[in-house]
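Notes to accompany the following structure.
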Amino acid sequence: MLAYILRRILLMIPTLFGIMLVSFAIVQFVPGGPVERAIAQLQGEEQGGGRFGGGGGALAGGAATHVGGDVSSRYRGAQGLDPKFIAELEKQYGFDKPAPERFVKLATDYLSFNFGTSYYHNVPVLQLIKQRLPVSISLGLWMTLISYAISIPLGVKKAVSDGSRFDVWTSAAVIVGYAIPSFLFAILLLELFGGGSFWKLFPLKSLTSDDWDTFDWPHKILDYLWHITLPVASLVLGSFATLTMLTKNSFLDEIKKAYVQTARMKGLPERRVLYGHVFRNAMLIVIAGFPGAFITAFFTGSLLIEQVFTLDGLGYLSYNSIIDRDYPVVLANLYIFSLLGLFVNLISDLTYTWVDPRIDFETRDV
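The numbers in the working numbering rise by one with no breaks, and the one at position 34 of the sequence shown is 34.
Shown next as structure tokens:
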């Protein structure tokens, strides 16, 4: 098993390198980069404050000097600006060097988790990520735990009572919940319980109250749970539908097999048959979907929820960074989530062997 783990870790290096190379090529050569944004901000300020006014220090390097006539430039909106100013902007954002040299520096820095400074926020990227990480961890972790805690017992119960009235009604409820987008349910909860049109029972914005540091530990825990109730409820609504049906179908397939009938004929209790024999085999396919479910919940799944409840998490940060062409933040988030995804997949494979020791990855090619 140790040799298998080492092979998987070594394979992560070229995989991560390929992801970052493709991503670097895409974000570096698409139009509307940080230099063009800075130029647009300058033009907006000169025209009385356009949409880019006050944009976070993009012009901190100095002021532009207009020259007579248009200057040939590869940037849109750069006509009439001093070429020296354009060169200073390129140097400020690191575009004064060839793309291969920029990528080598990026790859070298990322080995030590040096992600540089945000173009838009003008603070270290790692600091930004640390500030947003608690929100994403809270939403992703609670959503995953609650979804699995509901889906697995419910799926087992539905499989045991397949075709019963309970199975039909719970299937209808699960499908309806799955059909409702999480952000629409979030808006409904916001209107009902977040101070919209009815009651203000739960707070909005942030994971804790402003005076959270002054609370004792029991009140700190209650305050934290109070703040995350509505966002987590919005995410959980449609998250357990697929997992519930997957668990049910897996159990149904296993229940029909000969070894289950044999166990029942030996007089074993039904609970021991289900959880001592069927559970181990049926859960393999459920475990296989854990990495994707966790990563989705941790990042993309909470983006709209973060916006609705004004939670400043990694999903919201990444979205705004793409809009603002804040490439250091975009690439850093991509690097972290790719690395996290690769390790979670490895953990998933190791969990296979824990659930079913008969599985031996040593005999397989990676």
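Every residue gets a Cβ at the ideal spot worked out from N, C-alpha and C, and that includes glycine.
Per DSSP, what are the beta-bridge partners of residue i in this structure?
i: residue 194; result: 200
i: residue 124; result: 117
Counting only beta-carbon separations shorter than 7 Å, does residue i have a partner in chain B?
i: residue 238; result: Absent here is chain B; the protein component of the structure consists of one chain.
When we look at the beta-carbon of residue i and count the other beta-carbons within 10 Å, is it buried (16 or more) or exposed?
i: residue 113; result: exposed
i: residue 328; result: buried
i: residue 129; result: buried
i: residue 42; result: buried
i: residue 60; result: Because residue 60 sits at a pLDDT of 37, beneath the cut-off of 50, its placement in the model cannot be relied upon, and the following sentence gives the value as read from the coordinates. Exposed, by the Cβ-count rule.
i: residue 26; result: exposed
i: residue 99; result: exposed
i: residue 54; result: Confidence at residue 54 is low in this model, with a pLDDT of 38, below 50, so the placement of that residue is unreliable and no value is reported for it.
i: residue 282; result: buried
i: residue 248; result: buried
Could you pull out every residue in the same chain whose Cβ sits closer than 6 Å to the Cβ of residue i, ignoring the five residues on either side in sequence?
i: residue 198; result: 192
i: residue 346; result: 8
Within the same chain, show all residues whose beta-carbon is closer than 7 Å to that of residue i, passing over the 5 residues directly before and after it, in chain order.
i: residue 183; result: 304, 305 and 308
i: residue 12; result: 342
i: residue 134; result: 207
i: residue 325; result: 32, 33, 34 and 37
i: residue 339; result: 16
For the alpha helix (DSSP H) that contains residue i, what are its first and last residues?
i: residue 212; result: Note, residue 212: premise wrong, no alpha helix (DSSP H); not H, not E.
i: residue 174; result: 165-179
i: residue 315; result: 314-323
i: residue 18; result: 2-29
i: residue 110; result: 99-111
i: residue 85; result: 83-92
i: residue 262; result: 258-265
i: residue 303; result: 303-308
Considering only residues of the same chain and omitting the five flanking positions on each side of residue i, which have a CB-CB separation below 8 Å?
i: residue 10; result: none
i: residue 252; result: 159 and 162
i: residue 123; result: 117
Count the C-beta pairs between the region 166-184 and the region 219-232 that are closer than 8 Å, then say yes if the count reaches three, no if not. As far as the Cβ criterion goes, the region 166-184 does not touch the region 219-232, which means the pair count is below three.
Tell me, please, whether the region 201-217 touches the region 146-161 by the rule of three or more beta-carbon pairs shorter than 8 Å. The answer is no - the region 146-161 does not touch the region 201-217, with fewer than three Cβ pairs under 8 Å.
Three or more C-beta pairs below 8 Å linking the region 81-99 and the region 263-283: No, the region 81-99 does not touch the region 263-283.
Contact between the region 244-251 and the region 260-273: three or more CB pairs below 8 Å? No, the region 244-251 is not in contact with the region 260-273.
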